[in-house]
Structures are given as C-alpha cells and as structure tokens.
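Below is one structure, written out as structure tokens; the observations come after it.
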C-alpha cells in the first residue's frame, strides 16, 4: 500500500484510541507535559499539537476537571477525570474490549489459501 493512504488510515485508527488512552491516563491528575510523558512511556506517541487541543475539548465536554496547582516552582494546570469522564471511560473500555474481542480473531484468521499451505 502506498505510504500516503497507509498514513491516513493509521491516523484515523489512532484518533479514537488516543481519546481512550488520555482518559485512562487521567484517572490520576496530570499536567500536560506529565501526561504526554506517561503516554510516551507507555508507547503511545502523541505530539503537543494533538494532545493539548484534545485535553481542552475533553474538558469542555465536561469529561475532565482541572485546577491550578503549584508544582516544581511554577503553577500548572492539572487535569483529572470528572465523574462524567469516569463513567464514559468505563463505557468506552467495555466497547474497546468488545471490539478487540471481535476483531482479534478476524485479524488472525487465515484465508483458505493460507490454510492449504
């Protein structure tokens, strides 16, 4: 597959997964950089130009609470799941688990030709 279509499809696949990863990470309070570092340490690479707008959007939707705290010599805005965000994360996790269970076997299934080899 050509690089451009593959890159576009990979980006589409990542979009929804990033929301789930950010919500799951924000069970505990984080400021932007610490959240990005935690995601990267877990193998989820996300640039600032994607992360910060996503955090703002989730906060505007009422899924995150935030507060300013003093940390490491400066004030930082810390984000954490709101009650609504916690409920939504639980629902999305169930959906993720269900989809993963359904798609996993499809990805591992061999074609008739592969089975005959």
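Residue numbers (my numbering): 694 to 810. Beta carbons: idealized from backbone N, C-alpha and C, even for Gly. These numbers were taken from a predicted model, which means no experiment stands behind them.
Which listed residue (the options) has its alpha carbon closest to that of residue i
| i | options | result |
| --- | --- | --- |
| residue 748 | 714, 734 and 767 | 714 |
| residue 719 | 785, 756 and 788 | 756 |
| residue 740 | 766, 704, 761 and 764 | 704 |
| residue 709 | 760, 722, 799 and 744 | 744 |
First through last residue of the alpha helix (DSSP H) which encompasses residue i
| i | result |
| --- | --- |
| residue 769 | Premise fails: residue 769 lies in the beta strand (DSSP E), 767-774, not in any alpha helix (DSSP H). |
| residue 704 | 696-718 |
| residue 731 | 725-734 |
Terminal residues of the beta strand (DSSP E) in which residue i lies
| i | result |
| --- | --- |
| residue 762 | 757-764 |
Close-in-space but distant-in-sequence residues of the same chain around residue i (CB under 8 angstroms, 5 per side omitted)
| i | result |
| --- | --- |
| residue 712 | 747, 751 and 785 |
- prompt: Does the pairing of the segment 719-728 with the segment 791-800 give three or more beta-carbon distances under 8 angstroms?
  reply: Taking a cut-off of 8 angstroms for Cβ pairs, the segment 719-728 and the segment 791-800 do not touch, as fewer than three such pairs fall below it.
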